[in-house]
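K.L.:
To start, I am sharing the structure in question, which I have written as structure tokens.
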Amino acid sequence: MDEVVISRAITEKFMKDFIDSMDLDVAIAGAGPSGLVCAYYLAKQGMKVAMFERHLRVGGGMPGGGMMFNRIVVQKQAKHILDEFGISMEHYKDDLYVADSLETVSTLCSGTIKAGVKIFNLMQVEDVMIRKDRITGVVLNWSAVSWSKLHVDPLAARAKVVIDATGHDTEVCKVVERKIGPKLKTKTGTVIGEKSMWAEVGEAEIVDNTKEVYPGLLVCGMAANGVFGSPRMGAIFGGMLISGEKCAELAKKIVQNQ
Ligand code: 48F
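Residue -7 is where the sequence shown starts when you use my numbering, and the numbers rise one by one after that.
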């Protein structure tokens, strides 16, 4: 066993996948639950997808459940998505089911990678590329660069569609707004910002908010409610999952029409 062979195996395989991911159908910023579901459905339909996740681990806000009680609630309308992945859940009451947040995240992640998605963790989207009033890719850097406040220039990946699945922070949309002014397809042209917790309304509005917010840029999950000014909803995840599923459909149509 040669340590250098092990080192070469890791770096060669990683670099091959990273170079291959510089030309994509869809680039997704953020590997929380909505982004993972979106990536999975896109890859299942033959799209070339990569996800860039700032943190060491994927799953965003899901592993922590509600206030660190690591269970999540999912409505019946989203049960087919958990079933698709083979995630266990227990019926609780009315149309509500409870699942283990760790099983859910790990199974979503595994299913997404097995479907063909490349996930790059510890890498963040710090900017976008814009050509002729259209988002054409993402600008990437190691998360450690910003954490350590270093000045290191980024690299870029081209994509036919970019998806902001960065959750409450709506980071990609904020960058676009900062760079080109109030031109998003919201009432104000800007990121409106999420409202206080109201599960029923937040869950109802998230699917409608899942759409193209600027040519070539879609929003999904909590980022959709953040951009369009809808409420947050706490540890109920049906809307996140359905938003990911819908975003995949929309992104696929845009890719196919290019
Ligand atoms: O926040 P997050 O889980 O977003 P989501 O998929 O799900 C929201 C729920 O977890 C929860 C909720 C339930 O009702 O409201 O909050 O919409 O995952 C977002 C991921 O994006 C990463 C971040 O680390 C997290 O894992 N992220 C944020 N900004 C960037 C990023 C960035 N600029 N580049 C890469 N990753």
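Just so it is clear, CB atoms sit at the ideal spot from N, CA and C, and this is done for glycine as well.
CA-CA distance, K179 and I2?
P.N.:
If you number the sequence shown from 1, residue 179 lands on position 187. If you number the sequence shown from 1, residue 2 lands on position 10. The straight-line gap from Cα to Cα measures roughly 47 Å.
K.L.:
Under the three-state reduction of DSSP, which class applies to M121: helix, strand or coil?
P.N.:
Counting from one through the sequence shown, the residue named residue 121 turns up at place 129. Strand.
K.L.:
Taking the alpha-carbon positions, what's the H47 to M115 distance?
P.N.:
Start at 1 with the first residue of the sequence shown, and residue 47 comes out as number 55. Start at 1 with the first residue of the sequence shown, and residue 115 comes out as number 123. Whole-angstrom Cα-Cα distance: 7 Å.
K.L.:
Taking 8 Å as the line, does the beta carbon of Q69 fall inside it for any heavy atom of the ligand 48F?
P.N.:
Counting from one through the sequence shown, the residue named residue 69 turns up at place 77. Checking the Cβ of Q69 against the ligand 48F gives no.
K.L.:
Which residues in the same chain have their Cβ closer than 8 Å to the Cβ of Q250, if we skip the five residues on either side of it in sequence?
P.N.:
Counted from its first residue, the sequence shown places residue 250 at position 258. Excluding residues within five positions, the ones whose Cβ falls inside 8 Å are K152.
K.L.:
Quick check on the DSSP output: the alpha helix (DSSP H) that includes I73 runs from which residue to which?
P.N.:
One-based indexing of the sequence shown puts residue 73 at position 81. Looking at the DSSP string, the run of the alpha helix (DSSP H) that includes I73 is K71 to F77.
K.L.:
Write down every uninterrupted run of the alpha helix (DSSP H) in the segment 168 to 232 whose length is 4 residues or greater and which is fully enclosed by it, in chain order.
P.N.:
If we require 4 residues or more, the alpha helix (DSSP H) runs fully inside the segment 168 to 232 come out as 191 to 201 and 214 to 220.
K.L.:
Is there contact between the segment 130 to 145 and the segment 186 to 200, where contact requires at least three CB pairs shorter than 8 Å?
P.N.:
Segments in contact, no.
K.L.:
Contact check, S93 vs N62 under 8 Å by CB: the rounded distance?
P.N.:
Working through the sequence shown from its first residue, we reach residue 93 at position 101. Working through the sequence shown from its first residue, we reach residue 62 at position 70. Going by Cβ atoms, the distance from S93 to N62 rounds to 5 Å, so yes, they are a contact pair.
K.L.:
With a 10 Å radius around its C-beta and 16 neighbouring C-beta atoms as the bar for buried, classify E4 as buried or exposed.
P.N.:
Walking along the sequence shown from the start, residue 4 turns up at place 12. With fewer than 16 Cβ atoms within 10 Å of its Cβ, E4 is classed as exposed.
K.L.:
Which runs of the beta strand (DSSP E), 3 residues or longer, sit entirely within the segment 31 to 68?
P.N.:
Entirely contained in the segment 31 to 68, the beta strand (DSSP E) runs reaching 3 residues are, in chain order, 41 to 45 and 63 to 67.
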